[in-house]
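When we follow numbering that gives the first Met the number 0, the leftmost residue of the sequence shown carries the number 0, and every step to the right adds one.
Glycine included, C-beta positions come from ideal geometry on N, C-alpha and C.
Bear in mind that the values here come from a model prediction, so they are computed numbers and not experimental data.
One structure is given here, and the rest of the page talks about it.
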Amino acid sequence: MRIVKNAVVVVLAVLLWAPHLNARAGVDRESIRQAEISSKIAGYSLSKVKRWLHEVAIKRIDPETGLYIGDGRWNYRDTAADCYPFLCWAAHVTDIDLLHGPIRDVLDAERKLCNHLDRIPARFDLKTGKKDDSVSYDTLVFGASEYVKDGLIAIVEVTGRADWFERMREIEDDIWKHARVETPFGKIPSENIEVNGEQLQALARLYTMTGEQKYLEWARRLGDYYFSNEDFVPERLRDHGCEIIGGLGLLLAVESELKSDRVEVYSKQLRRIFDTILEQGCNQDGMMYNHITKREGSSGQLSDGWGYNYVGYICYDMVTGENLYRSHIERTLRNLSKPQYQNYPWEGTSIDGFADSVEGGIYVLNRYPVKEGFDWVDSEVAANIARSDEALETAELWGTMKLQANGVRTTIMHALMHTQGLIARPWEIGTELGARATSNSLIVTIKTPKNYNGKIIFDVPRHKYWMGFKKDWPRMNTLPEWFTVENDSTYRITNVQTNKTQIRTGKQLHDGLAVRLKATERTTLLVEPIHNP
0 MRIVKNAVVV VLAVLLWAPH LNARAGVDRE SIRQAEISSK IAGYSLSKVK RWLHEVAIKR
60 IDPETGLYIG DGRWNYRDTA ADCYPFLCWA AHVTDIDLLH GPIRDVLDAE RKLCNHLDRI
120 PARFDLKTGK KDDSVSYDTL VFGASEYVKD GLIAIVEVTG RADWFERMRE IEDDIWKHAR
180 VETPFGKIPS ENIEVNGEQL QALARLYTMT GEQKYLEWAR RLGDYYFSNE DFVPERLRDH
240 GCEIIGGLGL LLAVESELKS DRVEVYSKQL RRIFDTILEQ GCNQDGMMYN HITKREGSSG
300 QLSDGWGYNY VGYICYDMVT GENLYRSHIE RTLRNLSKPQ YQNYPWEGTS IDGFADSVEG
360 GIYVLNRYPV KEGFDWVDSE VAANIARSDE ALETAELWGT MKLQANGVRT TIMHALMHTQ
420 GLIARPWEIG TELGARATSN SLIVTIKTPK NYNGKIIFDV PRHKYWMGFK KDWPRMNTLP
480 EWFTVENDST YRITNVQTNK TQIRTGKQLH DGLAVRLKAT ERTTLLVEPI HNP
């Protein structure tokens with residue numbers, strides 16, 4: 000669940016210390032037990048991710064070109080968009096040196112080898128050793144848009160204004176420089192609804208990160224293009240159709256920060272769209288179908304993008320303050336406890352269907368914490384994504400093609416939900432790090448298999464510091480924020496075993512709180528905000 004950030008107590012605890020913690024911080028044994036459960040869940044998952052990173056993924060960087068050929072190739076609609084970003088996430092969480100070394104070098108390689116139309120890239124043919132010069136404009140724009148939205152945004156949301164951000168900006172600048180679809184509102188790059196939804200999500204972020212008016216102007220072209228049609232309702236509610244729903248919701252959020260005249264118009268249109276989807280595109284439990292009206296064949300199945308779509312609804316509620324859709328979404332989350340949603344074959348037995356459905360669920364649970372939803376997420380990850388019944392040392396690892404990479408993505412996201420965004424660096428295989436929120440505190444438990452000398456990295460409000468949003472708007476392609484520290488706030492850290500204290504700023508905690516741990520023992524800390532008069 001989300002944390003009340005002004006009343007945070009972080010406790011790294013072991014059950015042995017529970018009586019002491021009860022008196023000191025109002026923490027009960029059950030909360031500590033739940034934190035320990037979380038530490039085992041996150042510990043297994045992140046240790047398996049580190050194994051995957053070292054034993055499988057890093058070996059897929061081609062020594063000749065420097066490109067990451069996770070899909071057996073380097074293209075932009077799949078490899079760059081869906082494989083490369085989660086290689087980056089895996090390194091960010093479990094081996095930061097790899098991120099800033101060979102994984103970062105992949106970016107230089109693709110920039111050098113693949114730019115085609117100005118800085119819009121084309122796929123690279125490993126057989127000929129050249130980029131594909133025969134690619135059509137529409138294919139070029141589709142691949143570049145996929146790379147920006149699914150790939151680069153996911154990396155930028157985690158790393159901030161690093162080189163990946165510059166790549167994102169330069170590609171977007173040239174996509175719009177070469178836009179050729181005429182509309183009454185100006186040229187746009189595509190008539191493809193998926194591309195335009197992706198563009199809305201990218202442009203909203205670029206505007207808030209840079210303050211450059213052109214990004215807002217381009218986003219408004221797309222918003223006006225769709226909202227000018229009073230009958231417009233997206234029909235596809237699964238993969239590829241979800242982008243426009245989240246994109247229009249995020250544009251509304253940005254317009255609300257600007258207090259623009261478009262808020263009233265956009266809100267009215269979005270409510271009509273959202274209500275139509277609920278009336279025509281959902282079953283009795285609130286789960287969305289693949290298509291708003293078609294029910295034959297695969298279109299009649301439930302959409303693994305249901306959570307992605309509800310992200311747009313939550314944006315609407317945050318903008319209007321009405322909480323119009325909250326009760327519906329919370330009921331949907333409670334309904335996940337029904338037997339028909341256990342191991343539901345979203346895309347048959349493919350890990351991708353499970354991974355996408357759980358990812359969307361986590362985005363929604365980050366805003367509306369519902370126990371049945373959390374239980375469902377844990378069950379689905381254990382059975383179908385992380386496969387945590389396998390012994391860690393010998394567990395079968397994921398592959399690197401895009402469907403498998405999406406499984407790695409959701410495993411990381413789920414693990415950080417259980418650590419409340421905390422990361423241990425370096426991450427040693429076998430580490431257990433978990434967290435549990437209470438009404439006025441956060442309980443965290445950590446244990447390592449060997450003597451450990453490292454740091455606990457605290458998360459910051461990335462939406463504000465890095466992305467430039469005034470509010471933490473719900474959005475896709477990010478690692479949700481759980482517990483965060485403010486750079487300029489101060490915190491008292493007390494070692495419960497020794498009673499020694501130290502004062503640190505939020506920035507220092509984000510840089511890393513030094514910890515020394517004895518093998519197999521848990522260490523206990525209290526981290527309390529200091530409120531200056």
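Residue i and residue j closer than 8 Å at C-beta
i, j, result
"Ala-404", "Leu-421", "no"
"Glu-321", "Tyr-367", "no"
"Thr-399", "Cys-82", "yes"
"Met-416", "Tyr-307", "no"
"Leu-236", "Leu-269", "no"
"Ile-445", "Ser-38", "yes"
"Arg-333", "Glu-371", "yes"
"Tyr-136", "Ala-80", "no"
"Thr-319", "Gly-285", "no"
"Phe-123", "Trp-51", "no"
"Val-232", "Ile-272", "yes"
"Ala-252", "Met-208", "no"
Distance between residue j and residue i (C-alpha atoms, nearest Å)
i, j, result
"Ile-192", "Tyr-75", "18 Å"
"Ala-534", "Leu-250", "Here the chain covers residues 0 to 532 and nothing more, so residue 534 does not appear."
"Asp-42", "Asn-452", "Reading off the sequence, residue 42 comes out as Gly, not Asp. Near 17 Å, if we compare the C-alpha coordinates of Asn-452 and Gly-42."
"Trp-397", "Asp-223", "42 Å"
"Asp-107", "Val-134", "22 Å"
"Lys-337", "Thr-410", "23 Å"
"Arg-166", "Leu-478", "20 Å"
"Ala-513", "Glu-431", "17 Å"
"Ala-518", "Pro-448", "5 Å"
"Pro-460", "Tyr-362", "16 Å"
"Glu-263", "Arg-168", "29 Å"
"Thr-78", "His-530", "47 Å"
"Met-412", "Glu-358", "7 Å"
"Ala-12", "Thr-489", "In this prediction, Ala-12 scores a pLDDT of 37, lower than 50, which makes its location untrustworthy; no coordinate-derived value is stated."
"Gly-71", "Thr-64", "13 Å"
"Thr-393", "Val-55", "14 Å"
"Thr-275", "Ala-390", "47 Å"
"Glu-181", "Leu-199", "17 Å"
"Asp-471", "Tyr-315", "13 Å"
"Leu-537", "Trp-465", "The requested residue 537 is not part of the displayed model; the chain covers only 0 to 532."
"Tyr-343", "Glu-229", "35 Å"
Exposure of residue i, with buried meaning 16 or more beta-carbon neighbours within 10 Å
i, result
"Gln-341", "exposed"
"Leu-257", "exposed"
"Gly-299", "exposed"
"Gly-128", "exposed"
"Ser-46", "buried"
"Ile-502", "exposed"
"Val-26", "Residue placement at Val-26 is flagged as unreliable, the pLDDT there being 49, under the threshold of 50; a coordinate-derived value is accordingly withheld."
"Ala-22", "Any reading at Ala-22 must be qualified, since the residue scores a pLDDT of 39, below 50, and its modelled position is unreliable; no value is offered."
"Asp-117", "exposed"
"Gln-33", "buried"
"Glu-35", "buried"
Option in the options with minimal Cα separation from residue i
i, options, result
"Asn-282", "Asp-61, Arg-103, Leu-335 and Ala-381", "Leu-335"
"Asn-114", "His-99, Lys-130 and Val-105", "Lys-130"
"Leu-516", "Asn-450, Asp-487, Lys-463 and Ser-255", "Asn-450"
"Thr-522", "Ile-455, Asp-471 and Gly-505", "Ile-455"
"Trp-345", "Met-287, Ala-56 and Glu-109", "Met-287"
"Leu-525", "Lys-213, Tyr-324, Thr-500 and Leu-508", "Thr-500"
"Ile-31", "Ala-436, Glu-295 and Thr-483", "Ala-436"
"Leu-402", "Asn-498, Trp-426, Ser-356 and Gly-360", "Ser-356"
Residues bridged to residue i (per DSSP)
i, result
"Pro-101", "None, per the DSSP bridge assignment."
"Pro-501", "For the sequence presented, residue 501 should be read as Gln rather than Pro. DSSP output for Gln-501 lists Ile-492 as bridge partner(s)."
"Gly-453", "Val-514"
"Trp-217", "Note: Trp-217 sits in no beta bridge, so no partner."
"Ala-394", "According to DSSP, which records beta bridges pairwise, Ala-394 is partnered with nothing at all."
"Arg-424", "Lys-454"
"Leu-116", "Ile-119"
"Pro-528", "Tyr-490"
"Trp-345", "Gly-347"
"Thr-483", "Asp-458"
"His-290", "Arg-235"
"Val-180", "Ile-187"
heavy atom of the ligand SAH below 7 Å from residue i C-beta
i, result
"Ser-135", "No copy of the ligand SAH occurs in the structure displayed, which carries no ligand at all."
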